[in-house]
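Here the structure is laid out as structure tokens; the discussion comes afterwards.
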Amino acid sequence: MSSSTDRGFETRAVHAGQAFDPATGAVIPPVHFSTTYAQDGIGGLRGGFEYGRSGNPTRAALETQLAALEGGAHALSFASGLAAEDALLRAALSPGDEVLLGNDVYGGTYRLIARVLGDWGVGVRVVDMSDLAAVRAALEERPARVLWVETPSNPLLRITDIAGLAALGHDAGALVVVDNTFASPALQQPLAHGADVVVHSTTKYLGGHSDVVGGALVLNDDALYEKAKFLQFAVGAVSGPLDAWLTTRGIKTLALRMQRHSENAQRIAQFLVAHPAVQRVYYPGLPTHPGHELAARQMSGFGGIVSVALADAPAARRFAESTRLFQLAESLGGVESLMNYPDEMTHASVRGTELAVPAEVVRLSVGIETADDLIADLDEALASL
Ligand SMILES: *Cc1c(COP(=O)(O)O)cnc(C)c1O
């Protein structure tokens with residue numbers, strides 16, 4: 002059951018990697034905390050497990066589940082999204098190589114490449130990935146080893162044509178990486194559109210309850226997988242057993258949660274569009290969004306993130322600080338609604354760079370609460386501006 006991709010998404014989310022415990026019949030497999038494994042004679046491993054950094058059954062179960070959800074041959078689970086990104090980039094790049102990065106990717110991704118890997122000879126260039134002509138021009142100017150895109154992007158919800166980008170990237174000999182954190186595999190499966198690697202911060206929708214930090218890679222290429230797996234083992238940023246188990250538990254309800262996140266976000270986006278204090282709403286579910294039709298083809302729902310531009314930065318700050326149900330906090334993708342002021346919170350690390358977020362923009366992570374309550378909260382906060 003663990004690897005069958007012919008079953009429906011929801012079935013895979015509940016069952017992949019989750020066979021009952023053969024020793025006891027426990028329907029929920031136990032969490033394995035042991036750091037080491039008894040050997041039947043030297044080198045006689047019972048389940049292939051030897052030591053907790055190289056492998057752990059609870060982590061392996063999560064990896065099976067993640068691979069099944071993204072339709073990939075291999076998955077690796079890490080201590081954080083950035084740990085996953087670091088392992089992938091070091092597996093794929095050599096000193097002197099360049100990454101072509103989307104111009105509104107997660108700020109920490111830019112920081113990792115520019116300020117950590119940069120010291121080891123890795124270059125970075127930034128381009129609007131949703132503009133394929135701009136990507137083509139950038140690749141003609143100079144080759145890139147990796148194309149890195151987020152779609153929908155954070156926090157401006159730009160939509161990139163993954164199949165188009167993959168074709169361009171492969172023609173230029175580049176590895177095409179999609180950070181699928183915002184959509185989650187319930188709404189978008191980039192490998193099926195031609196991407197080479199999917200990256201996740203499982204801290205967000207996959208975990209789904211704002212109680213566990215984690216990251217993952219899903220890919221088909223055997224050699225790149227072995228290299229990233231070696232780095233995971235040799236460097237050691239693995240997910241702990243309880244973290245892996247919490248993520249597995251979250252994933253079982255992913256499809257249901259994403260459906261509700263999307264429904265609530267659509268209603269909120271429509272409410273905000275009609276509000277006089279709001280200058281602009283960024284949500285791919287709105288027919289006026291420039292990526293709406295592409296998103297409708299590429300995704301099976303528009304997701305739970307809505308960004309909004311107010312009149313100016315002070316209005317945006319006041320709005321961000323005035324809601325009561327929407328809590329002012331970093332991160333996204335949990336069942337509870339969160340409010341974020343990117344310029345000084347999630348995107349403070351890219352202030353003053355090409356990735357800077359306009360100071361009048363506020364980002365909402367719409368939770369699964371009662372939509373009317375969320376709208377009333379936003380309405381009250383907007384009235385107080
Ligand atoms: C949060 C996030 C990351 C980083 O993941 P961590 O788990 O915080 O290390 C990467 N990409 C996106 C899109 C994110 O939202």
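If you use this note's numbering, the sequence shown corresponds to residues 2 to 386, in order. The beta-carbon is built from N, C-alpha and C at its ideal position, and this holds for glycine as well.
Review point. Less than 7 Å between the CB of Glu142 and some heavy atom of ligand 1, yes or no?
Key: no
Review point. Going by alpha carbons, who is nearest to Val214 out of Arg137, Glu331 and Leu158?
Key: Glu331
**Study point:** Cβ-based burial, Leu243 [other Cβ within 10 Å; buried from 16]
**Key:** exposed
Practice item. Only counting runs of 4 or more residues, tell me where the alpha helix (DSSP H) segments fall wholly within the stretch 168-241, in order along the chain. Key: 223-236
Review point. Which term fits Asp393, buried or exposed, when burial requires 16 or more other beta carbons within 10 angstroms of its beta carbon?
Key: Outside the displayed span of the chain (2 to 386) sits residue 393, for which this structure offers no information.
Point to revise | Runs of alpha helix (DSSP H) wholly within the stretch 89-142 (minimum 4 residues, chain order) | key: 108-112 and 133-142
Check your understanding: With 16 other CB atoms within 10 Å as the buried threshold, where does Gly49 fall?
Key -> exposed
Check your understanding: Around the Cβ of Arg47, are there at least 16 other Cβ atoms within 10 angstroms (buried) or fewer (exposed)?
Key -> exposed
Check your understanding: Count the other CB atoms within 10 Å of the CB of Arg159; is the residue buried (16 or more) or exposed (fewer)?
Key -> buried
Check your understanding: Rounded to a whole number of angstroms, what is the C-alpha to C-alpha distance between Leu157 and Ile43?
Key -> 55 Å
Check your understanding: Rounded to a whole number of angstroms, what is the C-alpha to C-alpha distance between Ala229 and Leu89?
Key -> 6 Å
Check your understanding: Exposed or buried, what is Phe34 when buried is set at 16 or more other beta-carbons lying within 10 Å of its beta-carbon?
Key -> exposed
Practice item. Run the CB neighbour count on Ser385, radius 10 Å, all protein chains shown included, and call it buried at 16 or more, exposed below. Key: exposed
Review point. Count the other CB atoms within 10 Å of the CB of Glu361; is the residue buried (16 or more) or exposed (fewer)?
Key: buried
Check your understanding: What do you get for Leu375, buried or exposed, if any count of 16 or more other CB atoms within 10 angstroms of its CB means buried?
Key -> buried
**Study point:** Outcome for Pro291 when other beta-carbon atoms lying within 10 angstroms are tallied against a minimum of 16
**Key:** exposed
Exercise for review: State the DSSP-derived secondary structure class of Val279, mapped to helix, strand or coil.
Suggested key: coil
Check your understanding: Does the Cβ of Phe231 have 16 or more other Cβ atoms within 10 Å, making it buried, or fewer, making it exposed?
Key -> exposed
Review point. Using a threshold of 7 Å, is the CB atom of Val279 nearer than that to any non-hydrogen atom of ligand 1?
Key: no
Review point. Does the beta carbon of Val214 fall short of 7 Å from some heavy atom of ligand 1?
Key: yes
Review point. Between which two residues does the beta strand (DSSP E) containing Phe79 stretch?
Key: His75 to Phe79
Point to revise | Cutoff 6 Å; reference Thr152; Cβ partners in own chain excluding five residues on either side | key: Ile160 and Thr161
Point to revise | Cβ neighbours of Phe272 in the same chain (closer than 6 Å, five flanking residues each side left out) | key: Ile376
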